[in-house]
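4 protein chains.
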Amino acid sequence: MSDAPKSGGPVTEEFLANLAAASRILAAQGVVDAFGHISHRHPDNPDRYFMSKSMAPALVSPDDIIEYDLESEPCNADGRGSFLERFIHGGIYKARPDVQSVVHSHSPSVIPFGLVDEKMCAMFHNAAFVAAGVPVFDISEKFGATDMLVSDHAKSDAFNEILGDKDIALMRAHGSVACGTTIQEAVFHAVYTEVNARIQHWTQALSNGRPIAALSEEEGVLADGPNQGAALRAWDLWRREIREQTNW
Amino acid sequence: MSDAPKSGGPVTEEFLANLAAASRILAAQGVVDAFGHISHRHPDNPDRYFMSKSMAPALVSPDDIIEYDLESEPCNADGRGSFLERFIHGGIYKARPDVQSVVHSHSPSVIPFGLVDEKMCAMFHNAAFVAAGVPVFDISEKFGATDMLVSDHAKSDAFNEILGDKDIALMRAHGSVACGTTIQEAVFHAVYTEVNARIQHWTQALSNGRPIAALSEEEGVLADGPNQGAALRAWDLWRREIREQTNW
Amino acid sequence: MSDAPKSGGPVTEEFLANLAAASRILAAQGVVDAFGHISHRHPDNPDRYFMSKSMAPALVSPDDIIEYDLESEPCNADGRGSFLERFIHGGIYKARPDVQSVVHSHSPSVIPFGLVDEKMCAMFHNAAFVAAGVPVFDISEKFGATDMLVSDHAKSDAFNEILGDKDIALMRAHGSVACGTTIQEAVFHAVYTEVNARIQHWTQALSNGRPIAALSEEEGVLADGPNQGAALRAWDLWRREIREQTNW
Amino acid sequence: MSDAPKSGGPVTEEFLANLAAASRILAAQGVVDAFGHISHRHPDNPDRYFMSKSMAPALVSPDDIIEYDLESEPCNADGRGSFLERFIHGGIYKARPDVQSVVHSHSPSVIPFGLVDEKMCAMFHNAAFVAAGVPVFDISEKFGATDMLVSDHAKSDAFNEILGDKDIALMRAHGSVACGTTIQEAVFHAVYTEVNARIQHWTQALSNGRPIAALSEEEGVLADGPNQGAALRAWDLWRREIREQTNW
Chain D
12 MSDAPKSGGP
22 VTEEFLANLA
32 AASRILAAQG
42 VVDAFGHISH
52 RHPDNPDRYF
62 MSKSMAPALV
72 SPDDIIEYDL
82 ESEPCNADGR
92 GSFLERFIHG
102 GIYKARPDVQ
112 SVVHSHSPSV
122 IPFGLVDEKM
132 CAMFHNAAFV
142 AAGVPVFDIS
152 EKFGATDMLV
162 SDHAKSDAFN
172 EILGDKDIAL
182 MRAHGSVACG
192 TTIQEAVFHA
202 VYTEVNARIQ
212 HWTQALSNGR
222 PIAALSEEEG
232 VLADGPNQGA
242 ALRAWDLWRR
252 EIREQTNW
Chain B
12 MSDAPKSGGP
22 VTEEFLANLA
32 AASRILAAQG
42 VVDAFGHISH
52 RHPDNPDRYF
62 MSKSMAPALV
72 SPDDIIEYDL
82 ESEPCNADGR
92 GSFLERFIHG
102 GIYKARPDVQ
112 SVVHSHSPSV
122 IPFGLVDEKM
132 CAMFHNAAFV
142 AAGVPVFDIS
152 EKFGATDMLV
162 SDHAKSDAFN
172 EILGDKDIAL
182 MRAHGSVACG
192 TTIQEAVFHA
202 VYTEVNARIQ
212 HWTQALSNGR
222 PIAALSEEEG
232 VLADGPNQGA
242 ALRAWDLWRR
252 EIREQTNW
Chain L
12 MSDAPKSGGP
22 VTEEFLANLA
32 AASRILAAQG
42 VVDAFGHISH
52 RHPDNPDRYF
62 MSKSMAPALV
72 SPDDIIEYDL
82 ESEPCNADGR
92 GSFLERFIHG
102 GIYKARPDVQ
112 SVVHSHSPSV
122 IPFGLVDEKM
132 CAMFHNAAFV
142 AAGVPVFDIS
152 EKFGATDMLV
162 SDHAKSDAFN
172 EILGDKDIAL
182 MRAHGSVACG
192 TTIQEAVFHA
202 VYTEVNARIQ
212 HWTQALSNGR
222 PIAALSEEEG
232 VLADGPNQGA
242 ALRAWDLWRR
252 EIREQTNW
Chain P
12 MSDAPKSGGP
22 VTEEFLANLA
32 AASRILAAQG
42 VVDAFGHISH
52 RHPDNPDRYF
62 MSKSMAPALV
72 SPDDIIEYDL
82 ESEPCNADGR
92 GSFLERFIHG
102 GIYKARPDVQ
112 SVVHSHSPSV
122 IPFGLVDEKM
132 CAMFHNAAFV
142 AAGVPVFDIS
152 EKFGATDMLV
162 SDHAKSDAFN
172 EILGDKDIAL
182 MRAHGSVACG
192 TTIQEAVFHA
202 VYTEVNARIQ
212 HWTQALSNGR
222 PIAALSEEEG
232 VLADGPNQGA
242 ALRAWDLWRR
252 EIREQTNW
């Protein structure tokens with residue numbers, strides 16, 4: 012007899028396939044390497060979410076998906092290991108009813124903005140969501156010297172205080188988190204946070220201290236409207252590439 | 012009974028295949044990702060142009076091509092969606108009888124030059140067309156805070172005032188446009204605007220404020236002569252790569 | 012009758028396959044190009060080690076592996092050529108009983124840190140091992156003008172004095188060395204030294220002289236704990252990719 | 012009856028296959044895109060050389076190779092077009108009896124060093140040949156505003172005065188030339204000039220005006236010794252990749 016939390020109920024094969032595909036999409040787009048993870052809230056039960064077992068994201072298949080409660084306790088681990096940092100996901104689903112999907116990554120162009128006192132700004136309309144501001148979580152402020160991982164509830168709570176109502180947040184000397192109201196949007200946010208960071212590096216170098224005509228906050232709100240549709244179009248492209256490789 | 016504009020007359024299968032291939036070439040060359048589009052004026056009727064339905068450019072097939080009038084109204088949508096920014100294309104074909112093909116993209120190395128007060132210059136002979144000068148369109152000057160998209164006639168007109176008689180123009184916090192007198196030239200301009208931007212970033216960093224011996228305007232005019240042939244040679248290479256993947 | 016040193020005893024096919032695969036993994040990850048090498052100490056006899064014959068790492072197969080003593084004399088060359096710089100490997104195995112595997116590479120992002128007076132720092136937790144400090148070996152200090160290669164015992168000894176008890180060290184105008192207590196860890200150290208260098212370049216540019224909130228030494232020690240597991244997860248991914256190509 | 016110069020005599024199929032492969036290798040290594048060319052002096056007749064017809068280097072096959080005299084007149088064009096800049100090759104073979112193979116390319120990282128008053132230096136031993144110094148040819152000094160191409164004997168002569176006895180030279184706002192005493196060495200020089208330039212860009216940025224401990228001229232000479240063997244090892248790897256694609 013198990014103490015594991017109960018399942019939130021069955022989900023479709025397509026739901027699981029999409030979550031596994033999202034994992035591989037993030038690898039194909041250079042957002043994750045051997046590390047990083049994406050989760051999706053249970054479509055019928057807001058108190059559960061799904062995420063792969065602890066493994067490289069490029070290898071995830073639907074069978075590797077585990078269901079968790081919001082304490083990040085697995086419902087159906089069956090001996091499969093869980094990511095140490097699953098608490099990031101459970102914590103956000105608790106704190107943010109609007110969020111349906113969460114990506115955690117160490118995408119390389121983004122990391123510098125968590126190490127230096129320079130704000131990420133929205134360089135173009137596809138990254139309009141950046142214009143709302145990108146907070147930086149420094150784990151050492153509350154917890155001193157650590158292994159940098161958000162590996163328990165206390166650290167997850169501290170992270171969520173910094174994230175607030177934003178879609179993305181940086182983690183000093185670690186990586187970043189991107190949220191979405193759909194899995195397509197979470198993937199889109201993660202990819203274009205990295206793309207925006209690449210563009211901003213070159214823009215900063217070019218500006219050499221002169222002003223950068225980034226999106227204003229108001230332009231950011233307006234330009235993010237069409238991004239809902241854009242996220243679906245990008246997903247269609249990326250999802251098809253995975254399907255051609257996997258047959259699911 | 013349809014209010015759609017009449018077709019400008021049939022075009023060859025090869026014409027449509029080349030336009031679809033151009034779309035995929037731009038994706039293969041890193042000029043477009045899931046977004047961006049290329050159009051071609053009707054070869055027999057200057058008041059019509061062709062462009063794919065709203066979709067990722069890497070996936071476009073000849074069957075996805077829609078015909079438009081210069082108001083950017085589709086002649087044969089058949090329920091297929093149109094790009095929000097098709098007005099860029101229709102507007103240019105109206106304003107510029109010399110232009111036969113137009114690319115709109117967000118290629119990443121180019122965007123910084125629309126955000127910072129630093130002119131794009133021609134770093135080498137293949138980008139000689141840059142030496143004529145690259146104007147920057149800032150949509151906020153006439154329209155205040157917007158979603159950044161050139162999504163109607165008024166915005167397209169304002170863009171065309173900035174473009175003038177140039178082959179390329181930047182759009183602040185958005186992307187760029189490249190025109191050509193042939194589809195091969197439009198693709199060539201789009202690709203080498205991006206390549207030139209990459210080279211200029213490193214050149215600016217290396218110069219650190221010292222002079223850059225870019226092409227002069229006169230050298231630009233002279234060096235652009237051989238680029239007509241160069242565009243065809245590049246097209247041969249890129250077109251063949253698409254043919255090997257698609258059989259069209 | 013041969014003067015070659017005796018073998019340290021047979022090893023498994025899997026051992027040799029893993030070493031050959033590690034060579035190809037380093038090529039696939041951009042750590043080595045046509046040059047560079049990885050070795051593994053004999054699992055049963057600490058006085059012997061294994062490394063491929065002199066060849067491009069992307070082409071190494073299990074049959075190309077040669078056994079060496081710690082003087083870097085081949086036990087079973089059979090006419091196959093040895094790397095000129097094998098003394099790097101033998102020297103480290105003599106000096107460092109804790110080290111089981113050694114990578115030597117010229118990975119491009121790392122080289123600048125051996126040419127300029129700027130320390131490599133750990134930009135994120137996966138490169139936590141960098142926080143212990145990265146010494147730079149300048150061969151000219153003891154040997155004047157040379158061909159830059161660590162091609163004999165004296166140069167290897169001089170290198171080992173600089174390496175000390177660290178996992179990685181740079182070689183001025185040449186490349187770097189990464190050690191591990193397992194082959195997985197050596198590969199992980201080599202890959203994430205390069206990744207960290209890429210991130211640090213952008214961080215330095217962004218900081219423009221302002222402070223960089225890199226991992227502290229204490230954070231480095233703590234964050235390197237989970238990297239043992241991380242190295243295995245990365246290995247699983249990369250090893251599988253090689254297996255799909257080679258069937259070993 | 013043709014006025015074309017006589018052939019220097021037959022060459023082996025392998026000779027032509029290697030030259031065609033070298034063309035494709037340069038494309039695969041990112042040294043050439045749709046443009047650029049490599050030639051090889053006739054092995055038995057120093058007054059003739061071989062180069063492909065005017066086409067994208069990634070597509071060259073042995074059948075596309077044309078023989079030229081040192082005036083760059085084709086012996087066997089048979090209606091096939093010649094590169095406008097073949098005079099670069101013929102001119103070097105006249106001026107430099109030691110040179111057996113020549114590459115002309117526009118490799119992107121190299122171009123900035125022809126535009127800014129900053130010398131290329133040898134960042135590591137594989138680019139040791141750079142330490143001898145890299146002259147810059149500015150076509151405008153003798154010829155004023157041009158199309159930038161070395162498209163006749165006078166321009167080729169002026170280029171050769173700048174090249175002198177060096178292995179590589181830059182061409183302002185255009186590209187560069189790499190020579191070798193073998194085809195393997197010419198390819199190696201072209202590839203590692205580009206790799207060295209990439210590394211130097213990051214090193215310059217990191218140094219921010221502080222000294223760079225590049226190879227000294229003496230170290231350059233010494234370190235270039237082992238590069239003969241290195242060029243062969245790299246060739247083995249790259250040549251094999253082409254053979255797997257082409258069966259020649």
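Chains D, B, L and P are the protein sequences, given in the same order. Residue numbering for the first sequence is 12 to 259, as defined by our numbering. Residue numbering for the second sequence is 12 to 259, as defined by our numbering. Residue numbering for the third sequence is 12 to 259, as defined by our numbering. Residue numbering for the fourth sequence is 12 to 259, as defined by our numbering. Just so you know, even glycine gets a beta-carbon here, dropped at the ideal spot from N, CA and C. All figures in this text were calculated on a predicted structure; none of them were measured in a lab.
Here P/Thr257 is exposed. Its C-beta has fewer than 16 other C-beta atoms within 10 Å. In the same chain as B/Leu243, and ignoring 5 residues on each side of it, the C-beta atoms closer than 7 Å to its own belong to Gln195, in chain order. DSSP places B/His100 inside the alpha helix (DSSP H), whose first and last residues are Arg97 to Ala106. Residue environment for B/Lys105: buried (at least 16 other C-beta atoms within 10 angstroms of its C-beta). Between L/Ser218 and chain D, the shortest Cβ-Cβ separation is below 8 Å.
Within the same chain, Cβ atoms closer than 6 Å to the Cβ of P/Trp249 are found at Ile36, the five residues on either side in sequence being excluded.
If you ignore the 5 residues before and after L/Leu233, its C-beta comes within less than 7 Å of no other C-beta in its own chain. Among the residues facing chain B, D/Met131 is not included, as its CB has no counterpart in that chain under 8 Å away. When DSSP states are grouped into helix, strand and coil, L/Leu181 belongs to the strand group.
Boundaries for B/Phe199: no beta strand (DSSP E) harbours it, while the alpha helix (DSSP H) harbouring it runs Ile194 to Ser218, taken from the DSSP string.
Residues of chain D with a Cβ closer than 8 Å to the Cβ of B/Pro108 do not exist, since the nearest Cβ in that chain sits about 30 Å away.
Note on geometry: alpha-carbon atoms of B/Ala143 and B/Ala225 lie some 12 Å from one another. Contacts with chain D at 8 Å (Cβ-Cβ) do not include B/Leu37.
Inter-segment contact for the stretch 146 to 153 of chain D and the stretch 205 to 216 of chain D is absent: fewer than three beta-carbon pairs are separated by less than 8 Å. When the Cα atoms are used, P/Pro237 and B/Tyr203 turn out to be separated by approximately 37 Å. Looking from the CA of P/Lys130, the closest CA among P/His136, P/Asn87 and P/Ile122 belongs to P/Ile122.
Residues are counted here when their Cβ sits less than 8 Å from a Cβ of chain L; for the stretch 93 to 125 of chain D these are Leu95, His117, Pro119, Ser120, Ile122, Pro123, Phe124 and Gly125, given in chain order. Below 8 Å, enough C-beta pairs join the stretch 54 to 67 of chain D and the stretch 93 to 100 of chain D to call them touching: three or more.
Listed by position along chain B, the residues whose Cβ is nearer than 8 Å to that of P/Phe46 are Asn137, Ala241, Arg244 and Ala245. Residue contact check for L/Arg221 against chain D: a CB pair falls below 8 Å. Between the alpha carbons of B/Ala88 and B/Val71 lies a distance of about 15 Å. The three-state reading of DSSP puts L/Ser63 in strand, counting E and B together. Under the 10 Å beta carbon count, L/Lys166 is surrounded by 16 or more other beta carbons and is classified as buried. Short of 6 Å from the beta carbon of B/Ala28, and not among the five residues preceding or following it, lie these beta carbons of its own chain, in chain order: Pro73 and Trp259.
Of all residues in the stretch 185 to 213 of chain L, only His185, Gly186 and His212 place a beta-carbon less than 8 Å from a beta-carbon of chain P. If you check the CB distance, D/His51 and D/Leu30 come in under 8 Å. The CB of D/Leu160 comes closer than 9 Å to the CB of His136, Ala234 and Pro237 in chain L, given here in chain order.
Assignment of L/Ala39 by DSSP, reduced to helix, strand and coil, places it in the helix class.
Straight through space, the alpha carbons of P/Asn171 and L/Gly240 are spaced by roughly 58 Å. When the beta-carbon positions are compared, B/Ala208 and B/Ala189 stay at least 8 Å from each other.
Taking a Cβ-Cβ threshold of 8 Å, the residues of chain P close to B/Ala224 are Gly125, Leu126, Val127, Asp149, Arg183 and Ala184, in chain order. In the structure shown, L/Gly231 falls within a helical segment according to DSSP collapsed to helix, strand and coil.
A Cβ-Cβ contact shorter than 8 Å links L/Ser34 with L/Pro68.
The three-state reading of DSSP puts L/Ser118 in coil, since its state is none of H, G, I, E or B. When the alpha-carbon of B/Thr157 is set against those of D/Glu230, D/Pro146 and D/Gly19, the nearest one is in D/Glu230. In chain order, Ala216 and Leu217 make up the part of chain L whose C-beta sits under 8 Å from the C-beta of D/Gln215.
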